[in-house]
Amino acid sequence: MKDNIVVEAENIKKSFGDNVVIKDISFNLKELEHLAVMGRSGSGKSVLIKSLVGLIVPDSGKLNVLGENILDMDDDDIDVIRRQVGYLFQGGALYDSMTVERNMKFPLRRHPDKPSESEIKDLVDETLENVGLLETKKKYPSELSGGMKKRIALARTLIMRPKIMLYDEPTTGLDMITSAEISELILKMREEYDISSIIITHDVSCVELTSDRVIILGEGTSLAEGTFEELSNSEDKDIRSYFTMIHKKK
Amino acid sequence: MKVPFSVKKIIYVHLVEFFDKVGQIVHFSGRFFKDLFTPPFEWQEILNQTFTLGYKSFPLIGVTAFIVGTVFTMQSYPTMASLGATSWIPTMISISIVREIGPLITALIFAGKVGSGIGAELGSMKVTEQIDAMKVSGTKPINYLVVTRVIATSLAVPLLVIYTDLISFMGSYFALSREKDITLSLYLNQVLNSLDFQDVIPSIFKSFVFGFAIGMVSCYQGFYADKGTKGVGKAANTSVVISSFLIFLIDLIMVQIVNFLFN
Ligand SMILES: Nc1ncnc2c1ncn2[C@@H]1O[C@H](COP(=O)(O)OP(=O)(O)OP(=O)(O)O)[C@@H](O)[C@H]1O
Ligand SMILES: [Mg+2]
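Chains as they are written, first to last, in full-length UniProt numbering: chain A, 1 to 250; chain B, 1 to 263.
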């Protein structure tokens, strides 16, 4: 891990009407770091990472991604940042009218410095190979299982060779073995492509395996921050409960 | 007894809502025109959409057009006969179909069939975050999804109107030939001769505007669909309601413009 900061959020606030989702959150992400974000359903985890790619605009605060202040950027400039940030959606968000192959090619073909068709083909094959699903190339998303969809969605973002990955619940809804495979994949991707990541998850073993640092969100703010060891052995039993109760229930 | 609502109020609320929507759609069109001229141009997808959308409504519009031509002729025949003016029927048919009936039924059927389809398709892409996924990969969803579909509907409706007109003429000939001894070539000759520039060009232009409105409204509804399955249904439904109403409104405005320009 290096000391360069790739994401810096300061005093972020966001409400939808009367619903105050984020009261005040500040955090940063260092280069090559894996930051896990935990928190109960509805605590604003997805809202937080959506604001990092301009899908949601915070009401106030400062937000720097890859050294650029993204809050006063126009659409074209923000697209430049977006091409360097991968986002794995909670539901995968595969384009269901396209085959796996076309899903993968879609962002590449529309890149300003797009590679040639044969380079694109090689990239698709290499990335699918990496997630172990080369044989699904000609299939439609509806023909894939939940775990396969997650892996294809991951491949689709990785093919852009992002500097930062944002994972929204990469293992939710998957069995324990598949979850562990996805966690391994997240680690492997960092080795292979030098990616810094924010990982939203309820999955304690995923946090344990992948994260360097953990933030717990609640009541619109950051309740605690530390390594997995520190937080799972915290004095505060509410903090500990994120690692035990949720774990036992599953 | 106190009436809990007033008719005036209901009409007022609906009108305000409708024009509020139309305002937002006009704003959305602004983004459409901005992206219309920014690369990448999705030629492949435009062709693909024009073909599929046009093709989808081909059979339904054909059958309807034939029936309308037939019924229209059957209904006007007795009146025209009593006036001794049955030889005017082809002229009357041709003008009313080309100027009004053809564009109107084509646009209404197209709105019902294709508009709802676009609303539902983009709506479900919105709900399942596929549109957001396009955004965050740095591609322009308006470019790929909206520009292509609006161009496709704007091209498909005028083409379909020409098809509707021709099929309606055939329907009308079918009805007429049962009452009257008239050859197809004589009939077609009369039909085509009674048309001129001021009937055809405004009709095609009007159809183009209908197509544009249907595409724009449906894309807007899909693009801003509410979350959940309900959102998808609502997007499809509202697409049809607003498009259909706009079709009549545009028709009303266009007739004024055409009369002003040509008379
Ligand atoms: N686009 C939106 N419009 C209005 N409210 C929203 C929107 N997005 C999120 N919210 C609200 O913000 C709150 C937090 O939502 P968010 O999706 O961030 O939760 P989460 O922490 O990701 O939960 P989960 O673990 O269930 O995914 C919720 O109350 C939700 O209703
Ligand atoms: Mg979430």
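Glycine residues also receive a C-beta, built at the ideal position from the N, C-alpha and C atoms.
Anyone know if the C-beta pair for residue i and residue j falls short of 9 Å?
i         : j         : result
ILE12(A)  : SER43(A)  : no
GLY14(A)  : ILE22(A)  : In the sequence on display, residue 14(A) carries Lys and not Gly. The answer is yes: Cβ separation under 9 Å.
ILE199(A) : ALA36(A)  : yes
PRO90(B)  : TYR187(B) : yes
ILE151(B) : GLN49(B)  : yes
LEU108(A) : ILE120(A) : yes
LEU88(A)  : THR178(A) : no
GLU8(A)   : LEU29(A)  : yes
ILE152(A) : SER196(A) : no
THR64(B)  : ILE109(B) : yes
ASP217(A) : LEU48(A)  : Looking at the sequence provided, one finds Leu at residue 217(A) rather than Asp. Yes. Within cutoff.
SER142(A) : ASP77(A)  : no
ILE216(B) : SER29(B)  : Note that residue 216(B) is Met in the sequence shown, not Ile. Yes, these two residues count as a Cβ contact at 9 Å.
GLY123(B) : ALA213(B) : no
SER207(B) : VAL161(B) : yes
ALA225(B) : VAL114(B) : no
HIS202(A) : GLU169(A) : yes
PHE223(B) : VAL146(B) : yes
LEU66(A)  : ILE81(A)  : yes
ILE10(B)  : ALA111(B) : no
THR210(A) : ILE186(A) : yes
GLU181(A) : GLY226(A) : no
LEU128(A) : LYS137(A) : yes
For a contact defined as C-beta to C-beta under 8 Å, what are the partners of residue i on chain B?
i         : result
MET189(A) : The contacting residues do not exist; MET189(A) stays about 17 Å from chain B at best.
PRO58(A)  : Going along chain B, no residue has its Cβ under 8 Å from PRO58(A), so there is no contact; the nearest lies around 16 Å.
MET73(A)  : The contacting residues do not exist; MET73(A) stays about 13 Å from chain B at best.
ARG83(A)  : SER137, GLY138
My guess is that residue i and residue j are in contact by the Cβ rule of under 8 Å, so how many angstroms apart are they, rounded?
i         : j         : result
PRO158(B) : GLY211(B) : 7 Å
VAL53(A)  : VAL85(A)  : 6 Å
THR244(A) : ILE25(A)  : THR244(A) to ILE25(A), Cβ: 25 Å. No contact.
LEU154(A) : VAL131(A) : 6 Å
ARG213(A) : GLU33(A)  : 7 Å
THR139(B) : PHE106(A) : 7 Å
THR73(B)  : THR164(B) : The Cβ separation is near 15 Å, so there is no contact.
ALA156(B) : LEU53(B)  : 5 Å
ILE142(B) : PHE32(B)  : 7 Å
SER244(B) : SER218(B) : Rounded, the Cβ-Cβ distance is 11 Å, inconsistent with contact.
Could you name the residues of chain B that residue i contacts, counting a contact when the two beta carbons are closer than 7 Å?
i         : result
ASP79(A)  : GLY138
MET160(A) : SER137
VAL65(A)  : In chain order: nothing, as chain B lies at least about 12 Å away.
PHE16(A)  : The premise fails here: PHE16(A) is roughly 12 Å from chain B at the closest Cβ pair, so nothing lies under 7 Å.
VAL53(A)  : VAL136
PRO170(A) : By Cβ distance, chain B contributes nothing, its closest Cβ being about 15 Å from PRO170(A), past 7 Å.
Any heavy atom of ligand 1 closer than 8 Å to the Cβ of residue i?
i              : result
ARG40(A)       : yes
LYS45(A)       : yes
VAL204(A)      : no
ILE56(A)       : yes
PHE98(B)       : Residue identity differs from the one stated: residue 98(B) is Val in this sequence, not Phe. VAL98(B): no, Cβ never under 8 Å from ligand 1.
PHE58(B)       : no
PHE16(A)       : yes
VAL207(A)      : no
VAL21(A)       : yes
residue 259(A) : Past the boundaries of the shown model lies residue 259(A); chain A is included only from 1 to 250, so the question cannot be answered.
GLY174(A)      : Residue identity differs from the one stated: residue 174(A) is Leu in this sequence, not Gly. No - ligand 1 has no heavy atom lying nearer than 8 Å to the Cβ of LEU174(A).
LEU217(A)      : yes
residue 270(B) : Given a span of 1 to 263 for chain B in the structure shown, any question on residue 270(B) remains unanswerable.
LEU48(A)       : yes
Could you work out which residues of chain A lie near residue i, taking near to mean beta carbons separated by less than 7 Å?
i         : result
THR128(B) : GLY91, ALA93
ALA175(B) : Going along chain A, no residue has its Cβ under 7 Å from ALA175(B), so there is no contact; the nearest lies around 43 Å.
ALA133(B) : PHE89, ALA93
PRO141(B) : Correct list: empty, because the minimum Cβ distance to chain A is about 11 Å.
PRO59(B)  : Near PRO59(B) there are no residues of chain A at all, since even the closest Cβ is about 23 Å away, more than 7 Å.
PRO40(B)  : ARG110
Run the proximity test for residue i: is its beta-carbon closer than 8 Å to any non-hydrogen atom belonging to ligand 2?
i         : result
ASP168(A) : yes
ILE200(A) : yes
GLN90(A)  : yes
Could you work out which residues of chain A lie near residue i, taking near to mean beta carbons separated by less than 9 Å?
i         : result
PRO103(B) : Neighbours of PRO103(B) on chain A: none; closest Cβ ~30 Å, over 9 Å.
PRO78(B)  : Going along chain A, no residue has its Cβ under 9 Å from PRO78(B), so there is no contact; the nearest lies around 52 Å.
Relative to ligand 3, is the shortest distance from any of its heavy atoms to the C-beta of residue i smaller than 8 Å?
i         : result
ALA152(B) : Ligand 3 is absent from the structure shown, which contains only ligand 1 and ligand 2.
Is there contact here, the stretch 35-42 of chain B with the stretch 95-104 of chain B, by at least three beta-carbon pairs under 8 Å? No, the stretch 35-42 of chain B does not touch the stretch 95-104 of chain B.
Report yes or no: do the stretch 171-179 of chain B and the stretch 70-79 of chain B share at least 3 C-beta pairs separated by less than 8 Å? yes
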